[in-house]
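First to last, the sequence lines map onto chains A and B.
Per this note's numbering, the first sequence starts with residue 387, numbered consecutively.
Per this note's numbering, the second sequence starts with residue 14, numbered consecutively.
Cβ coordinates follow ideal geometry from the N, Cα and C atoms, glycine included.
None of the values given here were measured: they were computed from a predicted structure.
So the structure is just underneath, and the comments pick up after that.
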Amino acid sequence: MEKSIEQINTRIREGNARVVTADEMPALVAELGEQGALREVDVVTTGTFGAMCSSGAFFNFGHADPPIRMERVWLNDVEAYGGIAAVDAYLGATQQSESRGIQYGGAHVLEDFVSGRRVELHAVSRGTDCYPRRNVTTELILEDLNQAIMVNPRNAYQRYNAATNSTDRTLYTYMGTLLPGCGNVSFSGAGTLSPLSNDPQFRVTGGGVPIFLGGAQGMIVGEGTQHSPAKGFGTLMVTGDLKQMSPQFLRAATMHGYGVTLYIGVGVPIPVLDLDIVRATAVRDEDIEVSVIDYGVPSRDRPALRTVNYAELKSGQVELHGEPVKTSSLSSYRRAREVAVALKGWVEQGKMALALPTRPIDPLKAARPMRETGRSPRVQDIMDRNVVSIGDDEVIKAAAAKLLKGETNHLVVVDREGRLVGVVTTYDVSKAIVHPGKAKVVGDIMTRKVITATPDESVDIAAQKLERYNISALPVTDTANRVQGMLTAIDLGKLFGGRWRR
Amino acid sequence: MKLLVNFSRKRGSEPIIAKAVKETGVLIMVDRAQIDPAGGQMLIDVPRESCRLVSDKMGELGADVRILEHAVTLDMSECVDCGACISVCPREVFTFDAGWRLSMKEDRCVLCGRCVPACPHRALSVLV
Numbered sequence: 387m388e389k390s391i392e393q394i395n396t397r398i399r400e401g402n403a404r405v406v407t408a409d410e411m412p413a414l415v416a417e418l419g420e421q422g423a424l425r426e427v428d429v430v431t432t433g434t435f436g437a438m439c440s441s442g443a444f445f446n447f448g449h450a451d452p453p454i455r456m457e458r459v460w461l462n463d464v465e466a467y468g469g470i471a472a473v474d475a476y477l478g479a480t481q482q483s484e485s486r487g488i489q490y491g492g493a494h495v496l497e498d499f500v501s502g503r504r505v506e507l508h509a510v511s512r513g514t515d516c517y518p519r520r521n522v523t524t525e526l527i528l529e530d531l532n533q534a535i536m537v538n539p540r541n542a543y544q545r546y547n548a549a550t551n552s553t554d555r556t557l558y559t560y561m562g563t564l565l566p567g568c569g570n571v572s573f574s575g576a577g578t579l580s581p582l583s584n585d586p587q588f589r590v591t592g593g594g595v596p597i598f599l600g601g602a603q604g605m606i607v608g609e610g611t612q613h614s615p616a617k618g619f620g621t622l623m624v625t626g627d628l629k630q631m632s633p634q635f636l637r638a639a640t641m642h643g644y645g646v647t648l649y650i651g652v653g654v655p656i657p658v659l660d661l662d663i664v665r666a667t668a669v670r671d672e673d674i675e676v677s678v679i680d681y682g683v684p685s686r687d688r689p690a691l692r693t694v695n696y697a698e699l700k701s702g703q704v705e706l707h708g709e710p711v712k713t714s715s716l717s718s719y720r721r722a723r724e725v726a727v728a729l730k731g732w733v734e735q736g737k738m739a740l741a742l743p744t745r746p747i748d749p750l751k752a753a754r755p756m757r758e759t760g761r762s763p764r765v766q767d768i769m770d771r772n773v774v775s776i777g778d779d780e781v782i783k784a785a786a787a788k789l790l791k792g793e794t795n796h797l798v799v800v801d802r803e804g805r806l807v808g809v810v811t812t813y814d815v816s817k818a819i820v821h822p823g824k825a826k827v828v829g830d831i832m833t834r835k836v837i838t839a840t841p842d843e844s845v846d847i848a849a850q851k852l853e854r855y856n857i858s859a860l861p862v863t864d865t866a867n868r869v870q871g872m873l874t875a876i877d878l879g880k881l882f883g884g885r886w887r888r
Numbered sequence: 014m015k016l017l018v019n020f021s022r023k024r025g026s027e028p029i030i031a032k033a034v035k036e037t038g039v040l041i042m043v044d045r046a047q048i049d050p051a052g053g054q055m056l057i058d059v060p061r062e063s064c065r066l067v068s069d070k071m072g073e074l075g076a077d078v079r080i081l082e083h084a085v086t087l088d089m090s091e092c093v094d095c096g097a098c099i100s101v102c103p104r105e106v107f108t109f110d111a112g113w114r115l116s117m118k119e120d121r122c123v124l125c126g127r128c129v130p131a132c133p134h135r136a137l138s139v140l141v
């Protein structure tokens, strides 16, 4: 048995379509069987509500008198992109305020508009014959705009890797606060309710399909940016009328130490046409797996500590290295359900007819990393290879002599095999000479807990270490902990004069 | 019940906690303390019914005592029930109810303040 979209739309129009939310589907299929569910259910509604940075809106402000061709545009001191026609602009959700930093940004402007609050528009121009005006400042509410069209390049991630942090300090990331020592796990996504997890083959999800967006009826434009369904990370580009949206489903947020983002509700109604769709919409939290990624490693390819499913993540606790670790979500499952329930209401009441994609989305695409033609500088490119070393059993005076002779402020202390055991600075030696106490040899005054860099580490990462730990030099060590060089603030200065300059 | 106790060594160096325990007979749990030679601040936990007794006694000993009714406050108009606060809290103040709504046991709060920046919606605030 199969059903056509026309049959389903007829039932929607007549007000007798059977609609269920995606979280109810697994139990229904278990109860009725796949054939039974296909017969019984016409539409499955999905929903998600979480941080979706890649969001924003196009505005048309209408023409002022005398008219202005806006070159740079600010809304409540948040810059919008003005490089389009005279009184059009695109405001990105993550753009931060010029004056308030990450406490207020594009997402907050969107929320203020949707909540009916006044927003100050300021724009400047150099003036032209047809647009003589050079600046304008006015207060607007959403109704005053001709158009406010939300267009989000990347929403509704199919699933998202969970995050943890193995370092010894708290990290503030776009995945929230990550406690040291893998002290917590943060995740995002609605699992069983997630729109794309209910149609991973993109059978009925594609361009032209009507959706729920921020409380309004919107539409899928097509695949989202970074769409990577071959790896299980499909995304959608979506659009909708901001004027119809509600603050219940559109909220600005600030990720501490990171930046501004927008929480938005997205829901896709799935017409139950055949058994494949029944099986896909019966997906459970247990079936959707993601990796737990260590955000303590500052590179693109961060290591995965283990695989978990959404049922485990939602349980509040997962095991990492044999220890229970608390989990928490960044996205709201409660609001995700409200999205699916609201969408269900629309379809049941005949307020939304379904449509098949007019432009299909490729279910096999995989996103690629950036092709970099220039190489970012590595520590080995700029480190000082002339390192002066000393043994920990040598007397302090010998250290002073070496510092002087080597014209350096740092000595690395090595054992007989040349492995790093400590660092001694001019300051340590001067202190020991001015206050001669019990300290006799280098081992008595050296710093044993040394922060190091590796030769192939990016200079940006090493520079971050110098800054974070407020130190002046980093010994560069190989995998056997033998010293290869030293990186100092002076070496970093080479970047500004040499071949890495842009 | 949580009490926030501020004291200064300038007004003598009474062993405030020890004296309060001895003279009231109430067992005091110290949740947090920050003490230096000049004085300090302590967050203590006492049974609700003994709260007034302990507070008065510590007042007599020269401390400035504040009874904390709402250690941590949740602004329901900002909260979206994401639960980002749940895993950063060391005392399990936050949980979800059966309907995935965030619920809060404020009496467990020790005012560590970790949840405040962890909330993406600025919905949480703690006293002091």
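- Between alanine 136/B and glycine 645/A, the alpha-carbon positions lie close to 17 Å from each other.
- Rounded to the nearest whole angstrom, the CA to CA distance from glycine 643/A to leucine 659/A is 46 Å.
- The alpha-carbon separation between arginine 589/A and proline 746/A amounts to approximately 8 Å.
- Along the stretch 457-484 of chain A, there is no position whose C-beta sits under 9 Å from a C-beta of chain B.
- By the CB criterion at 8 Å, glycine 682/A and serine 552/A fall inside the cutoff.
- Relative to glycine 575/A, the option among Thr713/A, Pro586/A, Phe499/A and Ser717/A whose CA is nearest is Ser717/A.
- For serine 632/A, the closest Cβ of chain B is not nearer than 8 Å.
- Taking 8 Å as the cut-off, the beta carbon of arginine 512/A is found closer than this to the beta carbon of glutamate 457/A.
- The three-state reading of DSSP puts tyrosine 476/A in strand, counting E and B together.
- Of all C-beta pairs linking the stretch 527-544 of chain A to the stretch 606-623 of chain A, three or more are shorter than 8 Å, placing the two stretches in contact.
- In this structure the stretch 598-609 of chain A does not touch the stretch 514-532 of chain A; the number of beta carbon pairs closer than 8 Å is below three.
- Alanine 97/B reaches chain A at Gly562, Thr563, Ser572, Ser714, Ser715 and Leu716, counting residues in chain order whose Cβ is nearer than 8 Å.
- Within the DSSP secondary-structure output, tryptophan 460/A pairs in a beta bridge with Glu465/A and His508/A.
- Within 10 angstroms of the beta-carbon of histidine 83/B lie fewer than 16 other beta-carbons, which makes it exposed.
- For the stretch 639-669 of chain A, the set of positions with a beta-carbon nearer than 9 Å to some beta-carbon of chain B reads Ala639, Thr640, Met641, His642, Gly643, Thr647 and Tyr649 in chain order.
- The beta strand (DSSP E) runs lying completely inside the stretch 766-799 of chain A and spanning 3 residues or more are 775-777, given in chain order.
- Lysine 617/A carries a helical assignment under DSSP once its states are collapsed to helix, strand and coil.
- Chain-order list of chain A residues neighbouring alanine 131/B: Gly562, Thr563 and His642, by C-beta distance under 8 Å.
- Proximity of chain B to alanine 423/A at the Cβ level (cut-off 9 Å) is not reached, the minimal Cβ distance being about 25 Å.
- Under the Cβ criterion of 8 Å, aspartate 88/B is not counted among the residues facing chain A.
- Interface criterion not met: the Cβ of glycine 808/A is under 8 Å from no Cβ in chain B.
- Interface flag for glycine 702/A against chain B is set, since a Cβ pair is found closer than 8 Å.
- In the structure shown, the three-state DSSP call for serine 583/A is helix.
- Taking 8 Å as the CB threshold, glycine 112/B lines the interface with chain A.
- Chain-order list of chain A residues neighbouring arginine 135/B: Gln489, Ala639 and Thr640, by C-beta distance under 9 Å.
- For aspartate 94/B, a Cβ of chain A is located within less than 8 Å of the residue's own Cβ.
- For threonine 865/A, the closest of Gly653/A, Glu843/A and Pro539/A by C-alpha to C-alpha distance is Glu843/A.
- Annotation for lysine 32/B: no beta strand (DSSP E) segment contains it, though the alpha helix (DSSP H) segment containing it runs 29-37.
- Among the residues of the stretch 669-696 of chain A, none has a Cβ less than 7 Å away from any Cβ of chain B.
- Selection Gly651/A, Lys851/A, Ile847/A and Pro412/A evaluated against aspartate 671/A yields Pro412/A as nearest (Cα-Cα).
- Along the stretch 721-748 of chain A, the positions whose C-beta sits under 8 Å from a C-beta of chain B are Arg721 and Arg723, read in chain order.
- Pairing valine 654/A with glycine 594/A, the inter-Cα distance amounts to about 12 Å.
- Shown in chain order are the members of the stretch 429-451 of chain A whose Cβ falls below 8 Å from a Cβ of chain B: Phe435, Gly436 and Ala437.
- Around the beta carbon of alanine 785/A, 16 or more other beta carbons sit within 10 angstroms, so the residue counts as buried.
- For proline 861/A, the pairing in a beta bridge is given by DSSP as Met872/A.
- The distance from the Cβ of proline 861/A to that of valine 809/A is about 6 Å, consistent with a contact at the 8 Å cut-off.
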